[in-house]
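In this note's numbering, each residue carries its 1-based index in the sequence shown increased by 26.
Beta carbons are placed, not taken as given, at the ideal position from N, Cα and C, and that holds for glycine.
To keep things clear, I will list the structure first and then write my remarks on it.
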Amino acid sequence: MKAVIHEAYGLPDVLKIREIEKPEVPVDGVLVRVRASSVNIAEWYGMTGLFIARVLGGGLFKPKDTRIGVDFAGVVEAAGKQVSDFKPGDEVYGGRNGAYAEYIAVKNAVARKPTNLTFEEAAAVPTAGITALQGLRDYGKIQPGQKVLIHGASGGVGSFAIQIAKAFGAEVTAVCSTQNVERARSLDADHVIDYAKEDFTRNGQQYDLLFNVNGSRTWSAYKRALKPNAIFVLVGGPRTPLIGPLSLMLQMRVGMLGASQKFAFFIAKFNREDFKTLSALIESGKVKPFVEKTYPMTHIADAMRHLGAGHARGKIVVSMG
Ligand SMILES: NC(=O)c1ccc[n+]([C@@H]2O[C@H](COP(=O)([O-])OP(=O)(O)OC[C@H]3O[C@@H](n4cnc5c(N)ncnc54)[C@H](OP(=O)(O)O)[C@@H]3O)[C@@H](O)[C@H]2O)c1
């Protein structure tokens with residue numbers, strides 16, 4: 027089958043399309059014919075070779091696993107002997123490394139595709155949607171009526187976070203750049219702050235939950251925007267080549283020693299139940315993925331460059347044809 031692989035670390039030109047072996051059908055999983063995928067910062071880090079990931083087993087000088095891509099939407103080609111809940115022809119979506127390929131074998135991280143989405147729209151959901159859901163619900167402990175601020179609200183995770191926070195009944199403030207103000211409004215944010223014109227840490231407003239998707243302020247700045255018992259959830263931060271968002275996490279941890287507010291950093295984990303929760307939110311119309319642009323698989327390097335520029339609006343999708 028055709029797949030995108032990277033045999034070296036580097037910028038998007040290291041991505042090559044090659045013929046590789048089609049995966050076997052797992053006895054307790056399914057083989058999916060991938061119709062679409064999407065790009066995430068995790069793939070950017072994998073491609074460029076974030077130092078900490080290399081040291082932690084990714085391969086010091088070149089990637090040990092040359093496959094890339096995680097999010098997928100497609101059609102079940104074959105189901106393993108022990109699988110009773112999927113059959114060939116079912117339309118599914120999920121996440122597993124190696125998704126920039128014609129086929130992917132997957133066990134747990136797969137669920138039925140929301141019926142009201144195209145494959146391209148469904149492929150936009152897995153990483154960004156699961157991250158927003160788990161971050162707000164499990165780490166942010168979001169409650170109806172709470173004031174929630176989403177910093178970096180217009181990219182992949184942020185677009186889902188606005189809608190999911192609204193679905194949980196929160197009063198949502200979205201912080202984004204001038205060009206994305208209208209988009210954030212269209213996603214139903216109650217308040218939108220253009221970070222080029224207003225400093226949300228100095229306008230006198232305080233929040234129960236601050237969901238930091240992409241900003242990089244100091245702890246003393248963030249603290250001004252937090253109520254005394256607020257929760258600060260760090261989803262991501264600046265792309266430093268050595269340890270990525272972990273540098274911001276360390277600064278936050280040190281800065282907030284002794285503070286009354288709680289701090290959470292997490293790595294999203296795929297599971298079928300959360301895909302089902304997302305599907306229900308999507309089918310009810312409360313959440314809708316926003317695809318900024320779709321690239322064919324042959325233009326995967328362009329898709330990655332688009333994401334790498336740091337100002338994606340919603341999700342960038344890759345069509346497998
Ligand atoms: N913890 C986890 O499990 C997990 C999972 C997935 C992603 N992440 C992290 O989440 C972050 C976002 O991922 P994503 O997929 O949403 O990325 P993305 O789609 O590339 O997000 C780009 C958005 O970030 C905003 N942005 C860039 N610089 C900003 C700044 N200085 N202040 C405020 N906003 C800024 C941009 O909005 P404007 O153009 O409006 O500035 C852009 O819309 C990344 O750091 C990623 O590593 C973490």
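Distance, residue j Cα to residue i Cα
{"i": "T204", "j": "G178", "result": "12 Å"}
{"i": "L159", "j": "L86", "result": "33 Å"}
{"i": "V280", "j": "F289", "result": "11 Å"}
{"i": "K133", "j": "P89", "result": "24 Å"}
{"i": "Q232", "j": "A210", "result": "20 Å"}
{"i": "L252", "j": "F226", "result": "11 Å"}
{"i": "A338", "j": "G182", "result": "7 Å"}
{"i": "K167", "j": "N142", "result": "29 Å"}
{"i": "R44", "j": "A105", "result": "25 Å"}
{"i": "E47", "j": "Y129", "result": "10 Å"}
{"i": "W70", "j": "V109", "result": "33 Å"}
{"i": "M73", "j": "K302", "result": "30 Å"}
{"i": "V259", "j": "A294", "result": "12 Å"}
{"i": "R163", "j": "G171", "result": "14 Å"}
{"i": "V198", "j": "Q169", "result": "12 Å"}
{"i": "N66", "j": "F98", "result": "12 Å"}
{"i": "R298", "j": "L236", "result": "27 Å"}
{"i": "N240", "j": "I269", "result": "15 Å"}
{"i": "F292", "j": "F77", "result": "19 Å"}
{"i": "L333", "j": "V343", "result": "10 Å"}
{"i": "G55", "j": "T244", "result": "45 Å"}
{"i": "P38", "j": "R331", "result": "6 Å"}
{"i": "D111", "j": "A306", "result": "18 Å"}
{"i": "M346", "j": "E208", "result": "31 Å"}
{"i": "V96", "j": "E224", "result": "36 Å"}
{"i": "E103", "j": "K113", "result": "8 Å"}
{"i": "Y165", "j": "A215", "result": "21 Å"}
Contact belief for residue i with residue j at Cβ below 8 Å, rounded distance in angstroms
{"i": "K341", "j": "V313", "result": "About 13 Å; that fails the 8 Å criterion."}
{"i": "V30", "j": "I326", "result": "5 Å"}
{"i": "V218", "j": "N238", "result": "Between N238 and V218 the Cβ distance is about 17 Å, and since that is not below 8 Å, they are no contact."}
{"i": "G9", "j": "F186", "result": "With the chain running from 27 to 347 in the structure shown, residue 9 is simply not present."}
{"i": "E146", "j": "T320", "result": "5 Å"}
{"i": "G124", "j": "R93", "result": "4 Å"}
Ligand 2 heavy atom lying under 7 Å from the CB of residue i
{"i": "N240", "result": "Ligand 2 is absent from the structure shown, which contains only ligand 1."}
Bounding residues of the alpha helix (DSSP H) (the contiguous stretch that carries residue i)
{"i": "V183", "result": "G182 to A193"}
{"i": "T74", "result": "I67 to T74"}
{"i": "E197", "result": "Looking at the DSSP string, E197 is not in any alpha helix (DSSP H); the run it does join, the beta strand (DSSP E), is E197 to C202."}
{"i": "A34", "result": "Segment: none, A34 is in no alpha helix (DSSP H) and carries neither H nor E."}
{"i": "V207", "result": "V207 to S212"}
Host beta strand (DSSP E) of residue i (start-end)
{"i": "V56", "result": "V56 to S64"}
{"i": "I31", "result": "K28 to I31"}
{"i": "E45", "result": "K42 to E45"}
{"i": "A137", "result": "V136 to R138"}
Chain B contact for residue i (CB, 8 Å cutoff)
{"i": "G95", "result": "Structure shown: chain B not included; a single protein chain is present."}
Just to confirm the assignment: which complete alpha helix (DSSP H) runs, minimum length 4, are found wholly within the stretch 79 to 126?
none
Point to revise | alpha helix (DSSP H) runs contained entirely in the stretch 276 to 347, provided each spans 4 or more residues | key: 298 to 309 and 326 to 334
Legend entry - Runs of beta strand (DSSP E) wholly within the stretch 216 to 252 (minimum 3 residues, chain order): 217 to 220 and 233 to 238
Practice item. Pick out the complete beta strand (DSSP E) segments inside the stretch 128 to 178, 3 residues or longer, and give them in chain order. Key: 129 to 132, 136 to 138 and 173 to 177
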